[in-house]
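Trainee: Here it is: the structure, laid out below.
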Amino acid sequence: MLLEVLKFPDPRLREVARPIQESEIDDALRELAQNMAETMYDEPGIGLAAPQVGVSKRLIVMDLDWVEEDQDRKPRILLNPEIVHAEGLEISEDEGCLSVPDFKADVERSARVLVRARTLDWEVVEYTATELEAYCFQHEIDHLDGKLFIDRISRLKRNLYVRQRKKQLRREQEDSGASDVL
Ligand SMILES: [Zn+2]
8 MLLEVLKFPD PRLREVARPI QESEIDDALR ELAQNMAETM YDEPGIGLAA
58 PQVGVSKRLI VMDLDWVEED QDRKPRILLN PEIVHAEGLE ISEDEGCLSV
108 PDFKADVERS ARVLVRARTL DWEVVEYTAT ELEAYCFQHE IDHLDGKLFI
158 DRISRLKRNL YVRQRKKQLR REQEDSGASD VL
């Protein structure tokens with residue numbers, strides 16, 4: 008089932024998500040993870056965090072090299088992911104986000120991260136990531152802390168985006184108002 012992806016400035020994107028306990032892993036959580044993966048492929052994106060679909064839990068899905076055919080897809084489904092070590096600085100070019108429509112920006116990110124997480128089987132997994140994989144981990148874990156990539160760019164660029172987004176929302180409102188009259 009496809010889920011609705013919340014868009015900036017939805018306040019739910021700003022909440023710090025709760026860690027998941029082993030006892031919370033049930034069919035409903037597994038289904039949520041599957042639905043998040045399906046939504047990520049449909050959008051399409053390479054990562055999605057539970058707060059983006061209105062669920063305040065530390066759960067992310069990622070797939071950096073997904074394929075068109077459903078049966079060959081292997082999304083990473085990670086619970087309570089955390090960056091246990093980070094080093095170096097790089098610029099992640101043209102970073103974007105499904106929750107921040109029509110905007111991309113260069114973002115300063117750690118160059119190399121060690122990420123520790125749990126799987127749905129409660130196994131500990133670790134990834135040493137660089138480049139796009141490292142940026143994606145940092146981006147998704149930011150979502151779990153209520154942060155968006157636009158928080159990591161200059162105030163000037165962020166204000167430009169906020170103004171553009173407000174205009175866009177006003178237009179959408181006007182459009183829907185017009186259809187009510189018709
Ligand atoms: Zn995002």
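Count along the sequence shown starting at 1, add 7, and that's the number in this note's numbering.
Each residue gets a CB set at the ideal place from its N, CA and C atoms; glycine is no exception.
None of the values given here were measured: they were computed from a predicted structure.
(1) Can you find the residues in the same chain that come closer than 7 Å, C-beta to C-beta, to I27, ignoring five residues on each side of it along the sequence?
(2) Using DSSP bridges, identify the partner residues of T137.
(3) Less than 7 Å between the C-beta atoms of L96 and E115, yes or no?
(4) Once DSSP output is grouped into helix, strand and coil, what is the label at K81?
(5) Reducing DSSP to helix, strand and coil, say where S99 ends up.
(6) If you count every other CB in all the chains shown that lies within 10 Å of the CB of V131, and 16 or more means buried, which is it?
(7) Look at E102 and F144 and say whether their C-beta atoms are less than 7 Å apart.
(8) Compare the C-alpha of H150 against each of K174, R170, R25, N166 and name the closest.
(9) Please check the pair P82 and D70, which I expect to be a contact at CB under 8 Å, by giving their CB distance rounded to whole angstroms.
(10) Leaving out five residues before and five after R202 in sequence, what residues of the same chain have Cβ atoms less than 7 Å from its Cβ?
(11) Taking the alpha carbon of L121 as the point to measure from, which residue in H92, V107, I148 has its own alpha carbon closest?
(12) Could you tell me which residues DSSP pairs with T55 in its beta bridges?
(13) So R37 is in the alpha helix (DSSP H); what residue range does that whole segment cover?
(14) Ignore the nearest five residues each way along the sequence and tell me which others in V62's own chain have a CB closer than 7 Å to its CB.
Mentor: Straight from the coordinates:
(1) Only K64, R65, L66, L86, N87 meet the Cβ criterion.
(2) DSSP output for T137 lists R119 as bridge partner(s).
(3) Result yes, Cβ atoms of L96 and E115 sit closer than 7 Å.
(4) Looking at K81 - three-state DSSP - the assignment turns out to be coil, as it is neither helix nor strand.
(5) Residue state for S99 is assigned as strand, using DSSP reduced to three classes.
(6) By the neighbour-count criterion, in which a residue is buried when 16 or more other Cβ atoms sit within 10 angstroms of its Cβ, V131 is exposed.
(7) No, these two residues do not count as a Cβ contact at 7 Å.
(8) Nearest in C-alpha terms to H150, of all of K174, R170, R25, N166, is R25.
(9) Right, the Cβ-Cβ distance comes to about 5 Å (below 8 Å), so this counts as a contact.
(10) Outside the shown range of the chain (8 to 189) lies residue 202, about which nothing can therefore be said.
(11) Checked all of H92, V107, I148; the closest Cα to L121 is H92.
(12) Inspection of the sequence shows that residue 55 is occupied by Leu rather than by Thr. L55 is bridged by DSSP to V68.
(13) Start and end: 34 to 49.
(14) Excluding residues within five positions, the ones whose Cβ falls inside 7 Å are L39.
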